[in-house]
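Asks: This is the structure, below, for whatever I ask next.
There are 2 protein chains.
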Amino acid sequence: MVNAALEQRPTRASSIYLLLRDDILGGSLLPGAKLNIRDLSNTYSSGLSPVREALNRLSAEGLVLQEDNRGFKVQPVSVPELIDLTQARCWVNEIGVRESIEKGDTEWEEAVILSCHRLKRIPRFLPDDETVPNPKWAVVHKDFHQSLISACGSNWMIDTCSRLFDAAERYRNLARGAGVSRSDPRDEHQEIMSAAVDRKTDLVIELLNSHFQRTAQLVQTVVVVGEEDAV
Amino acid sequence: MVNAALEQRPTRASSIYLLLRDDILGGSLLPGAKLNIRDLSNTYSSGLSPVREALNRLSAEGLVLQEDNRGFKVQPVSVPELIDLTQARCWVNEIGVRESIEKGDTEWEEAVILSCHRLKRIPRFLPDDETVPNPKWAVVHKDFHQSLISACGSNWMIDTCSRLFDAAERYRNLARGAGVSRSDPRDEHQEIMSAAVDRKTDLVIELLNSHFQRTAQLVQTVVVVGEEDAV
DNA sequence: CCGAGAAAAATGATCGATCATTTTTCACTG
DNA sequence: CAGTGAAAAATGATCGATCATTTTTCTCGG
């Protein structure tokens with residue numbers, strides 16, 4: 053018998069990669085924090101190799117900083133980098149959105165509406181503890197933003213936006229960890245969605261840019277914390 | 053005494069990473085080729101770990117494809133992906149150039165002129181063997197293209213362009229390996245440079261886009277070869 | 001007490017052995 | 001002879017020991 057969708061049991065390295073990634077993006081591993089390999093392999097009760105492999109992937113991705121013979125640390129953050137990143141997001145998403153609106157068919161429209169709906173519905177925080185953010189929210193949030201550019205016609209473009217989104221996600225989570233968060237991004241998402249399906253290109257871009265900029269503004273007020281920790 | 057610029061001896065993993073990367077980008081490792089870890093560690097006379105670490109970095113970068121429990125292979129290529137990639141390059145470079153021209157000062161202009169000059173001067177192939185491309189050329193070529201966007205004001209943007217450039221570089225080298233190469237990109241670079249320092253924004257973008265598209269066109273004619281090998 | 005330099009400790013990098021999974025081989029059945 | 005499934009081989013993943021480098025601690029002369 054042929055096993056059509058051969059189940060791929062992930063390797064230890066891959067599992068650890070995902071866990072570490074979550075911890076970095078989620079902000080529980082602070083910028084600049086030393087990533088001691090023996091400690092980590094202890095935490096995940098594995099050998100050294102899988103941890104190293106995971107760290108190598110993360111360093112290629114830019115989430116972890118690697119210095120030969122000096123190991124790994126969580127990539128530091130800074131206000132200039134946040135500004136830099138936000139600028140890049142505005143620019144790249146602008147093209148993605150512009151092209152998507154031009155090329156997007158009904159299916160695209162529906163995907164945007166659907167992901168926006170899900171985002172509106174999903175609770176921002178866990179039902180039992182109002183201070184812990186709902187991890188599913190992050191997924192749905194990203195889905196929405198990615199849906200906007202999904203019809204642009206280039207996967208390289210989509211990957212690029214994804215990468216930028218993740219980097220920004222880390223800043224957002226750091227800010228939240230320091231007690232700063234948006235008033236209600238829900239309405240903004242709604243507005244963006246409406247403008248997108250109405251094909252009001254310039255409006256979408258304007259809304260999206262200020263959406264990005266406003267987040268960056270908020271985050272800036274607290275990133276200093278991360279920098280202090282980044283010894 | 054304080055050692056100001058503490059010389060960092062690269063680890064084996066880092067060296068192997070660079071070598072593998074060159075072989076993939078340079079086209080000596082064909083798309084889809086199996087990357088056997090024992091063989092590689094033999095080739096580089098090292099243990100298994102450094103090779104694995106190098107491969108993990110390359111897989112995070114997208115140059116190598118990793119499947120859990122099935123090892124690594126060189127990332128396959130395809131005509132659709134080349135088109136996709138070229139599109140992304142046109143879009144992203146357009147913004148980079150536009151912003152650079154707007155913000156670039158004299159220093160930027162000089163950097164563009166300088167790198168273009170170097171590109172004009174450096175021999176395309178090795179002096180002793182006219183069929184072997186000069187590895188320095190690739191460096192200088194990339195420098196030129198990166199210089200065009202270097203004043204855009206966002207390192208994330210510059211990194212993105214760099215990533216896209218490298219991906220395209222692999223396609224170029226594969227085409228060359230199959231005997232296809234540009235008539236004379238030298239003149240095109242010259243034209244682009246002139247237009248850039250003259251701040252003829254729209255012209256630069258037009259030239260750059262057709263520069264990218266023309267290369268992609270050529271490459272397409274032979275990429276099929278790579279796909280056949282990618283078994 | 002300060003700082004230079006040696007010794008010790010900690011940590012990172014590498015190795016080869018071993019375990020797990022996948023792929024290939026091959027004998028057998030129908 | 002094709003197809004099945006068990007064994008064998010090949011290959012990938014992981015482990016812990018060991019080696020190399022960096023960081024910390026300690027000692028001592030000034």
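Line by line, the protein sequences are chains A and B.
Take the first sequence: its letters are residues 53 to 283, numbered as in this note's numbering.
Take the second sequence: its letters are residues 53 to 283, numbered as in this note's numbering.
Even for Gly, the Cβ is constructed at its ideal location relative to N, Cα and C.
1) Leaving aside the five residues before and after L178(B) along the sequence, list all residues of the same chain whose C-beta is less than 6 angstroms from its C-beta, in chain order.
2) Looking at W208(A): is its Cβ nearer than 8 angstroms to the Cβ of L259(B)?
3) Identify every residue that forms a DSSP beta bridge with V126(A).
4) So which residues of chain A does L216(B) contact, with C-beta pairs closer than 7 angstroms?
5) Looking at C-beta atoms only, is the number of pairs between the region 96 to 110 of chain A and the region 128 to 147 of chain A that lie closer than 8 angstroms three or more?
6) Determine the contact status of I135(B) and A268(B), defining contact as a CB-CB distance below 8 angstroms.
7) Where does Y82(A) sit, in a helix, a strand or coil, going by DSSP?
8) Can you list the residues of chain B that R61(A) reaches, using a CB-CB cut of under 8 angstroms?
9) Would you say the region 69 to 88 of chain B touches the region 225 to 236 of chain B, given that touching needs at least three Cβ pairs under 8 angstroms?
10) CB-CB under 7 angstroms to I163(B), same chain, minus the five flanking residues each way: which ones, in chain order?
11) Please report the straight-line C-alpha distance between S97(B) and D157(A), rounded to a whole angstrom.
12) Between the Cα of D250(A) and those of P128(A), C204(A), E154(A) and A140(A), spot the shortest distance and give me the residue it belongs to.
13) Where does V116(A) land, buried or exposed, given buried means 16+ other C-beta within 10 angstroms?
14) Check each residue of the region 133 to 153 of chain A: if its Cβ is closer than 7 angstroms to any Cβ of chain B, include it; give the result in chain order.
15) Starting from E105(A), find everything on chain B with Cβ-Cβ shorter than 8 angstroms and list it in chain order.
16) For P185(B), which three-state DSSP category applies?
17) Mind checking if A112(B) is an interface residue toward chain A, Cβ cutoff 8 angstroms exclusive?
18) Which partner residues does F177(B) have in the DSSP bridge list?
19) What residue range is occupied by the uninterrupted alpha helix (DSSP H) comprising T63(A)?
20) Let me see if you follow: with CB-CB separation under 8 angstroms, is S101(B) close to chain A or not?
21) Measure how close the beta-carbons of S167(B) and D211(B) come, nearest whole angstrom, since I'm counting them as under 8 angstroms.
22) Using the Cα positions of S246(A) and D218(A), report the straight-line distance between them to the nearest angstrom.
23) Using alpha carbons as the reference points, say which of N121(B), T95(B) and A140(B) lies closest to R61(A).
24) In whole angstroms, what is the alpha-carbon distance linking P128(B) and R73(A)?
25) Could you tell me which chain A residues have their CB closer than 7 angstroms to the CB of G205(B), listed as they occur along the chain?
26) Just to confirm, is the Cβ distance from A190(A) to A112(B) under 8 angstroms?
Replies: Checking against the coordinates, here is how it stands:
1) Counting from 1 along the second sequence, the entry for residue 178(B) is found at position 126. Excluding sequence neighbours, L178(B) sits near V184 and N186.
2) Along the first sequence, read from residue 1 onward, the residue named residue 208(A) stands at position 156. Along the second sequence, read from residue 1 onward, the residue named residue 259(B) stands at position 207. No; because the gap between Cβ atoms is not below 8 angstroms, this pair is not in contact.
3) If you number the first sequence from 1, residue 126(A) lands on position 74. In the DSSP output, where bridge partners are listed per residue, V126(A) has V116(A).
4) Working through the second sequence from its first residue, we reach residue 216(B) at position 164. Within 7 angstroms Cβ-Cβ: W208.
5) no
6) Along the second sequence, one-based indexing puts residue 135(B) at 83. Along the second sequence, one-based indexing puts residue 268(B) at 216. Closer than 8 angstroms, so yes.
7) Translated into the one-based positions of the first sequence, residue 82(A) becomes position 30. One point to set straight first is that residue 82(A) is Leu, not Tyr, in the sequence displayed. Looking at L82(A) - three-state DSSP - the assignment turns out to be coil, as it is neither helix nor strand.
8) What you label residue 61(A) is simply residue 9 of the first sequence in a count that begins at 1. Within 8 angstroms Cβ-Cβ: D120 and N121.
9) yes
10) As a first step, residue 163(B) is located in the second sequence; it is residue number 111 there, counting from the start. Here residue 163(B) is Ala; the residue named in the question, Ile, does not match the sequence. Cβ neighbours of A163(B) beyond the five flanking positions: S199 and S202.
11) If you number the second sequence from 1, residue 97(B) lands on position 45. If you number the first sequence from 1, residue 157(A) lands on position 105. About 54 angstroms.
12) Residue numbering aside, residue 250(A) sits at position 198 when the first sequence is read from its first letter. Measuring from the Cα of D250(A), the nearest candidate turns out to be E154(A).
13) Within the first sequence, the letter at position 64 stands for residue 116(A). Per the 10 Å Cβ criterion, buried.
14) D136, L137, Q139, A140, W143, V144 and I147
15) Working through the first sequence from its first residue, we reach residue 105(A) at position 53. Under the 8 angstroms cutoff, chain B gives R104, E105 and N108.
16) Taking the first residue of the second sequence as 1, we reach residue 185(B) at position 133. In the structure shown, P185(B) sits in a strand (DSSP, three-state: E or B).
17) Locating residue 112(B) in the second sequence gives position 60, where the first residue counts as 1. Yes, A112(B) counts as interfacial toward chain A.
18) Position 125 of the second sequence, counted from the start, is the residue given in the question as residue 177(B). In the DSSP output, where bridge partners are listed per residue, F177(B) has P185(B).
19) Walking along the first sequence from the start, residue 63(A) turns up at place 11. From DSSP, T63(A) is part of no alpha helix (DSSP H); its letter is neither H nor E.
20) Here the question's residue 101(B) lines up with position 49 in the second sequence. Yes, its Cβ sits closer than 8 angstroms to a Cβ of chain A.
21) For this step, residue 167(B) is matched to residue 115 along the second sequence. For this step, residue 211(B) is matched to residue 159 along the second sequence. At roughly 18 angstroms, the Cβ-Cβ gap does not stay under 8 angstroms, so S167(B) and D211(B) are not in contact.
22) Sequence index remark: in the first sequence, residue 246(A) carries index 194 (1-based). Sequence index remark: in the first sequence, residue 218(A) carries index 166 (1-based). Computed Cα separation, rounded: 24 angstroms.
23) Here residue 61(A) refers to the residue found at position 9 of the first sequence. The shortest C-alpha separation from R61(A) is found at N121(B).
24) Here residue 128(B) refers to the residue found at position 76 when the second sequence is read from its first residue. Here residue 73(A) refers to the residue found at position 21 when the first sequence is read from its first residue. Taking the straight line from one Cα to the other gives about 26 angstroms.
25) As a working mapping, residue 205(B) is identified with position 153 in the second sequence. Neighbours of G205(B) on chain A, chain order: Q139.
26) Within the first sequence, the letter at position 138 stands for residue 190(A). Within the second sequence, the letter at position 60 stands for residue 112(B). Not closer than 8 angstroms, so no.
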